[in-house]
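Visitor: Residue numbers (the UniProt record's numbering): 1 to 157.
Dumping the structure here so I can ask a few things about it.
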Amino acid sequence: MVWIFTSRPALKRYVRVMSAYYLAARQLEFFKGRNVLAIAQHHDAISATSKQHVADDYAKRQTIGDVEAIYQIVVSILAGWKRVDIVRLPVSRSSSCSWKGHEVESQLIPFTDEYAALRNYHVETYLGHTPTQMPKYWLVFWVFVPPAKKTGGYSSK
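Have a look at this one:
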């Protein structure tokens with residue numbers, strides 16, 4: 001039996017948060033890249049019998065799928081009540097948030113060396129490679145998520 005002690009609870013929470021973040025990122029990347037991967041696995045692409053312009057198109061589609069996967073951020077909730085939460089996104093440069101043309105109140109918090117080391121560890125563990133860019137800041141802002149709408153269900157009547 002494994003016993004979990006309460007030493008370093010902040011670090012343990014951070015590990016759980018980062019693990020969930022990278023698991024979600026992997027799932028988003030898989031979802032966004034699924035169709036691109038299916039096209040790239042076409043027999044012409046795999047066997048290298050396609051013409052150069054077709055191979056270039058395969059590469060272009062892969063790149064677009066990667067970029068879409070990297071920049072897609074999803075905030076969701078599966079609950080029947082509204083939720084207010086703080087979102088922290090790692091960013092490489094000073095930036096601001098906007099939603100539907102309106103600026104969102106946000107704050108930039110410096111990305112410390114401790115965060116960077118822990119982030120590198122988790123990226124290597126979950127994604128299998130070392131990150132090429134290191135964030136300099138956390139972009140922090142409030143998110144107001146409305147309750148999930150009932151879309152159907154089972155009725156006994």
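Every residue gets a Cβ at the ideal spot worked out from N, C-alpha and C, and that includes glycine.
List the whole-angstrom C-beta distance separating residue 111 from residue 136, where the pair is believed to meet the contact cut-off of C-beta under 8 Å.
Guide: Residue 111 sits at position 111 when you count from the first residue of the sequence shown. Residue 136 sits at position 136 when you count from the first residue of the sequence shown. 5 Å between Cβ atoms; contact.
Visitor: Confirm, please, whether the CB-CB distance from residue 106 to residue 158 is below 8 Å.
Guide: Absent from the model: residue 158. The displayed extent of the chain is 1 to 157, so no value can be given.
Visitor: Compute every distance between the C-beta of residue 51 and the non-hydrogen atoms of the ligand FMN, then say whether any falls below 7 Å.
Guide: Among the components modelled here there is no ligand, and therefore nothing to report on the ligand FMN.
Visitor: Closer than 8 Å by C-beta to residue 128: which residues in its own chain qualify, once you throw out the five before and the five after it? Chain order, please.
Guide: What you label residue 128 is simply residue 128 of the sequence shown in a count that begins at 1. So no residue of the chain qualifies.
Visitor: By Cβ distance, which residues of its chain are closer than 7 Å to residue 104, with the 5 residues on each side in sequence left out?
Guide: The residue labelled residue 104 in the question sits at position 104 within the sequence shown. Closer than 7 Å at the Cβ level, and outside the excluded window around residue 104, lie 97, 98 and 141.
Visitor: Could you pull out every residue in the same chain whose Cβ sits closer than 8 Å to the Cβ of residue 131, ignoring the five residues on either side in sequence?
Guide: For the purposes of this step, residue 131 is taken as the residue at position 131 of the sequence shown. Counting only Cβ-Cβ distances below 8 Å, and skipping sequence neighbours, we find 119, 120 and 123.
Visitor: Between residue 146 and the rest of its own chain, which residues show a CB-CB distance below 7 Å, the 5 nearest in sequence each way excluded?
Guide: Locating residue 146 in the sequence shown gives position 146, where the first residue counts as 1. Closer than 7 Å at the Cβ level, and outside the excluded window around residue 146, lie 82.
Visitor: Is it buried or exposed for residue 143, if we count other Cβ within 10 angstroms and need 16 for buried?
Guide: Within the sequence shown, the letter at position 143 stands for residue 143. So residue 143 counts as exposed.
Visitor: What are the partner residues of residue 172, as DSSP defines its beta bridges?
Guide: With the chain covering 1 to 157 only, the question about residue 172 has no answer from this structure.
Visitor: Judging by CA-CA distance, which residue of 101, 114 and 89 is the nearest neighbour of residue 139?
Guide: The sequence position of residue 139 within the sequence shown is 139, counting from 1. Considering only alpha carbons, the answer is 89.
Visitor: For the alpha helix (DSSP H) that residue 119 lies in, which residues bound it at each end?
Guide: Counted from its first residue, the sequence shown places residue 119 at position 119. Note, residue 119: alpha helix (DSSP H), 113 to 127.
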